[in-house]
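Participant:
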Amino acid sequence: MIKKFLTSFSIIAFFISIIFTNCNNPNSNATATTKDTTSKDAAKEMGIKGSFSNQTKITFDSSIIKKFLDSFPAFKPFEKDIAAFYKTRHYAYAWYDDSGMIEPAHNLYNRIVNISDEGVPDAVPYKTAFTNLMETEEGSDKVTPGTELMLTSQYLAYAKTVWQGLSEKQSLSIEWLLPRKKITSQQLLDSLVSGRDVLQNTPVYRQYNLLKEYLKKYNNLKAQGPQTIIKGDKKIYKLKDSSVTVAAIRQRLFLLGDMEADTHSNIFDDSLQTGIKKFEQRLGYKEDGVVNKVLLAEMNYPVDKRIEQIMVNMERSRWVPVAVKNDFLLINIPEYKLHVYEQDSLAFSMNVVVGKNEHKTVIFNGDMKYIVFSPYWNIPASILKNETLPAIKKNNNYLAQHNMEWNGGNIRQKPGPNNSLGLVKFLFPNMHSIYLHDSPAKSLFNEDKRAFSHGCIRLAEPKKLAIYLLRNNAAWNKTKITAAMNKGVEQYVTLKTTVPVFIAYFTAWVDRQGKLNFRNDVYKRDSRLAKMILKNPAT
-4 MIKKFLTSFS
6 IIAFFISIIF
16 TNCNNPNSNA
26 TATTKDTTSK
36 DAAKEMGIKG
46 SFSNQTKITF
56 DSSIIKKFLD
66 SFPAFKPFEK
76 DIAAFYKTRH
86 YAYAWYDDSG
96 MIEPAHNLYN
106 RIVNISDEGV
116 PDAVPYKTAF
126 TNLMETEEGS
136 DKVTPGTELM
146 LTSQYLAYAK
156 TVWQGLSEKQ
166 SLSIEWLLPR
176 KKITSQQLLD
186 SLVSGRDVLQ
196 NTPVYRQYNL
206 LKEYLKKYNN
216 LKAQGPQTII
226 KGDKKIYKLK
236 DSSVTVAAIR
246 QRLFLLGDME
256 ADTHSNIFDD
266 SLQTGIKKFE
276 QRLGYKEDGV
286 VNKVLLAEMN
296 YPVDKRIEQI
306 MVNMERSRWV
316 PVAVKNDFLL
326 INIPEYKLHV
336 YEQDSLAFSM
346 NVVVGKNEHK
356 TVIFNGDMKY
366 IVFSPYWNIP
376 ASILKNETLP
386 AIKKNNNYLA
396 QHNMEWNGGN
406 IRQKPGPNNS
416 LGLVKFLFPN
426 MHSIYLHDSP
436 AKSLFNEDKR
446 AFSHGCIRLA
456 EPKKLAIYLL
466 RNNAAWNKTK
476 ITAAMNKGVE
486 QYVTLKTTVP
496 VFIAYFTAWV
506 DRQGKLNFRN
516 DVYKRDSRLA
526 KMILKNPAT
């Protein structure tokens, strides 16, 4: 939360000193206000970009910037940006024209006073002073440098909080090693004059605004009062069952948007079954239309915690690039899914197995460079020490039984259908020794929660991915890929073009049908991030 550095007296004193200080010359101390009829061409010649405010004659003294920042020191981190912005404009007002304050200023004010809609705390610096200034300006044609500079400073603080989010140091502290989106001060300043509404085309990943809409819906749910806990009187509820609990389930699914109407019926009918399947799909469960204790617990999950879950994933959306133009692979750990994208459009998805909690899959990115057919599995040092060597001591035939052999001072598993890496692996060289691979343990892909590995990522349909990655290589068709996977001889294939791989961590997102999805926080990262957001100052 921003500290309130100023007393009410000092704020009032500051505005008494400059509130009516306007001038035609940036180096003058004159107080006259000049009406402007300057054309867009003149504004362009002067260096003012866009059409935000084209006037050039209503200016203020450059020394006022320092006076303003001395009185509002929380904005001092933006001092260079503010000075550079107004120097480019020759100290012409950006938020006023010859009729007074322009509409984008009011739009900005509304966004800032409702900043909690953006999934961050209501930590607006100098909110009371800002509100008083804007209310004073309402309906007035006065041009005041204090309000002008307050709007610019508030915009920069808002943009940093809402569009950029926590610092890179903070995201690194919670092991987010993906590259952060970069927004320069110049980009923020340029956007001030990029159009009639400075808040249009916000530089955030599309999930941000989708989650923002659901944040409003869940805040409305919270405002309706405490959530009633649905109490079960049996282990499962299925089609044709009758119970007061069934009516409670129906009402909850209606409130959550999985049912179009609430008939208040105690009968488990077809419409309720359909609603339950929608709920199951959104939360990553098998769509069997049956309510058990686990699913009932999900329905009883507190609205406050869902709001927190949406907020932390809005924060994560601030960090990622607005769009990726190349083809790329995205693994979302809590979803246990690999998504293949072509030009930022989804091509296909598949189930994956990720690292268990004690062997967390790392959140990072790399470039896929190799496909390895019929791979050896070189046993990692930690597994060798903690699992393989103790097993050999207990069983002299362990190596032969598991198709393993010594390879120098290490042990490796030979290629074959029972190899722990399956019939193919995909390498994107990285310091974390993480890669994608096949697996002989096919049954695990049918589980709802799939955190079973030592950190690497197992694929449900590895051949499909191999065919896709080699689709433009005439030397590799489906038949040849199948043969190489089953040959039992390790073979490396270098991709003609590397493919970016992103391993991310999102526990809430909106799918392509516009439905809000939630997943369990498998690595318990959400609560820590939520605490960081709530403690984060606005500047």
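The numbers in the numbering used here rise by one with no breaks, and the one at position 531 of the sequence shown is 526. We put the beta carbon where it would ideally sit given N, CA and C, even for glycine.
Under 8 Å, with one C-beta from each stretch per pair, do the segment 257 to 264 and the segment 316 to 332 reach the 3-pair mark?
Facilitator: Contact between the segment 257 to 264 and the segment 316 to 332 is absent, because fewer than three Cβ pairs lie under 8 Å.
Participant: Can you look up K233 in the DSSP assignment and give me helix, strand or coil?
Facilitator: Three-state result, K233: coil.
Participant: Kindly confirm or deny that the segment 446 to 463 and the segment 411 to 423 touch, where touching means at least three C-beta pairs closer than 8 Å.
Facilitator: The answer is yes - the segment 411 to 423 touches the segment 446 to 463, with three or more Cβ pairs under 8 Å.
Participant: Throw me the rounded Cβ distance for the T383 and I406 pair, which I believe falls under 8 Å.
Facilitator: Right, the Cβ-Cβ distance comes to about 6 Å (below 8 Å), so this counts as a contact.
Participant: Looking at the strands, I want to know which residues DSSP matches up with M363.
Facilitator: DSSP, once it has assigned bridges, lists V494 as partnering M363.
Participant: Using DSSP's beta-bridge definition, name the partner residues of Y91.
Facilitator: Per DSSP, M96.
Participant: Alpha carbon to alpha carbon, what distance is there between A243 and Y232?
Facilitator: For Y232 and A243, the distance between alpha carbons rounds to 12 Å.
Participant: Does R247 pass the burial test, meaning 16 or more other C-beta atoms within 10 Å, or should it be called exposed?
Facilitator: With 16 or more other Cβ atoms within 10 Å, it is buried.
Participant: Suppose the cutoff is 6 Å on Cβ atoms and the five residues either side in sequence are ignored; what does the same chain contact list for G535 look like?
Facilitator: The chain is shown only over -4 to 534; residue 535 falls outside these bounds and no answer can be derived.
Participant: Residue range of the alpha helix (DSSP H) that F343 falls in?
Facilitator: First-last for F343: S340 to G350, but that is the beta strand (DSSP E), not the alpha helix (DSSP H).
Participant: Please state whether DSSP places F447 in a helix, a strand or coil.
Facilitator: F447 falls in the strand class under three-state DSSP.
Participant: Near K30, which residues of its chain fall below 6 Å by C-beta distance, leaving aside the five closest residues on each side in sequence?
Facilitator: Residue confidence is low: K30 scores 37 on pLDDT, short of 50, so the model does not pin down where it sits. Its coordinate-derived value is still stated next. So the list reads D93, once near-sequence residues are dropped.
Participant: So is R313 buried or exposed if we call it buried at 16+ other beta carbons inside 10 Å?
Facilitator: Buried, by the Cβ-count rule.
Participant: Considering only the beta carbon of each residue, do A154 and L325 sit closer than 8 Å?
Facilitator: In this structure, L325 does not lie closer than 8 Å to A154 by Cβ.
Participant: Starting from E310, trace the alpha helix (DSSP H) in both directions and tell me its first and last residue.
Facilitator: From DSSP, the alpha helix (DSSP H) with E310 extends over V298 to W314.
Participant: Does the count of Cβ pairs from the segment 468 to 484 and the segment 345 to 354 closer than 8 Å reach three?
Facilitator: No, they do not touch.
Participant: What residue range does the beta strand (DSSP E) around I326 cover?
Facilitator: It spans F323 to N327 - the beta strand (DSSP E) in which I326 sits, taken as one unbroken run.
Participant: Which residue's Cα is closest to the Cα of N102: V138, L146, T477 and L511?
Facilitator: Checking every option, the nearest Cα to that of N102 belongs to L146.
Participant: Using the three-state DSSP reduction, which class does V199 fall into: helix, strand or coil?
Facilitator: Three-state result, V199: coil.
Participant: Check I262 in the structure and name its three-state DSSP category.
Facilitator: Strand, per DSSP.
Participant: Counting pairs of Cβ atoms below 8 Å between the segment 498 to 518 and the segment 293 to 305, do you hit three or more?
Facilitator: Yes, since at least three Cβ pairs between the segment 498 to 518 and the segment 293 to 305 fall closer than 8 Å, the two stretches touch.
Participant: Where does Q50 fall in DSSP's three states?
Facilitator: It is coil, neither helix nor strand.
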